[in-house]
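Enquirer:
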Amino acid sequence: MLTWKDVISFAVNGNLEPDIRVEKTANQWQNQLTPEQFRITRQKGTERPHSGALCASHELGKYSCICCDSPLFDSTIKFNSGTGWPSFTQPIKDNAIKYEKDDSFGMVRVEVMCNTCDAHLGHVFPDGPEPSGLRYCINSESLQLEKEATDGQ
């Protein structure tokens, strides 16, 4: 289980190697994504709080990167943080997320990105629930939910 100490270590000392890398030109990403997905994932934008389709979703499944389909988060570790963005306590794998120091807007935060394609996802904070204490605050536009099949479907 990752902790805040691990997150800071990755942001300062370097990240784990991803399983694979996906690299495309800006034009290729722009052709693949909606304008809002491109603005958020490739230009480090942020959606308005409570505007994302996945914010209030509590369906079972896996949350993957909208850009490269890499699995990022599991619905079992999603929680209602009240912040207006989907929030998770852990990535699906330790090397699924890339961490970088972000000192934009006059504050110091830790940006989280897809470790496979460098898509901007959001930020991580040390104010989440136990046992990890982490809150991955993620833009809905950077994710896609692959719903888990249930009996009768």
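Mapping of the sequence shown onto my numbering: position 93 corresponds to residue 327, and the numbering continues sequentially without gaps.
Even for Gly, the Cβ is constructed at its ideal location relative to N, Cα and C.
According to DSSP, is E251 helix, strand or coil?
Expert: Note: E251 maps to coil in three-state DSSP.
Enquirer: For Q324, which three-state DSSP category applies?
Expert: If DSSP states are grouped into helix, strand and coil, Q324 belongs with coil.
Enquirer: Starting from the Cα of H354, find the closest Cα among D361, I331 and V241 and give me that residue.
Expert: With distances taken between Cα atoms, H354 lies closest to I331.
Enquirer: At the 9 Å Cβ level, is S315 part of the contact set with chain B, yes or no?
Expert: The chain inventory of the structure shown lacks chain B, comprising one protein chain alone.
Enquirer: Report back the beta-carbon spacing between E375 and I300 to the nearest angstrom; my notes put them in contact at under 8 Å.
Expert: Confirmed, Cβ separation roughly 7 Å.
Enquirer: Along the beta strand (DSSP E) that carries I274, what are the first and last residues, could you check?
Expert: From DSSP, I274 is part of no beta strand (DSSP E) but of the alpha helix (DSSP H) over P269 to Q277.
Enquirer: Does the pairing of the region 261 to 278 with the region 354 to 367 give three or more beta-carbon distances under 8 Å?
Expert: Judged by Cβ distances under 8 Å, the region 261 to 278 makes contact with the region 354 to 367, as three or more pairs qualify.
Enquirer: Could you tell me if N265 is buried or exposed, where buried requires 16 or more neighbouring beta carbons within 10 angstroms of its beta carbon?
Expert: Exposed, because fewer than 16 other Cβ atoms sit within 10 Å of the Cβ of N265.
Enquirer: Taking just the CA atoms, how far does K258 sit from V346?
Expert: The straight-line gap from Cα to Cα measures roughly 19 Å.
Enquirer: Using the C-alpha atoms, what's the distance from L294 back to N215?
Expert: Residue 215 cannot be examined here, being either before or after the span of the chain that is shown, 235 to 387.
Enquirer: With H, G and I counted as helix, E and B as strand and the rest as coil, what does DSSP make of I188?
Expert: The first residue shown for the chain is 235 and the last is 387, placing residue 188 beyond what the model contains.
Enquirer: Taking the straight line between their C-alpha atoms, what separation do you get for H284 and E251?
Expert: Approximately 33 Å between the Cα atoms of the pair.
Enquirer: Nearest-angstrom Cα distance between G367 and D253?
Expert: Distance between the alpha carbons of G367 and D253 is about 26 Å.
Enquirer: For the beta strand (DSSP E) containing K381, list its first residue and its last residue.
Expert: L377 to K381 is the extent of the beta strand (DSSP E) around K381.
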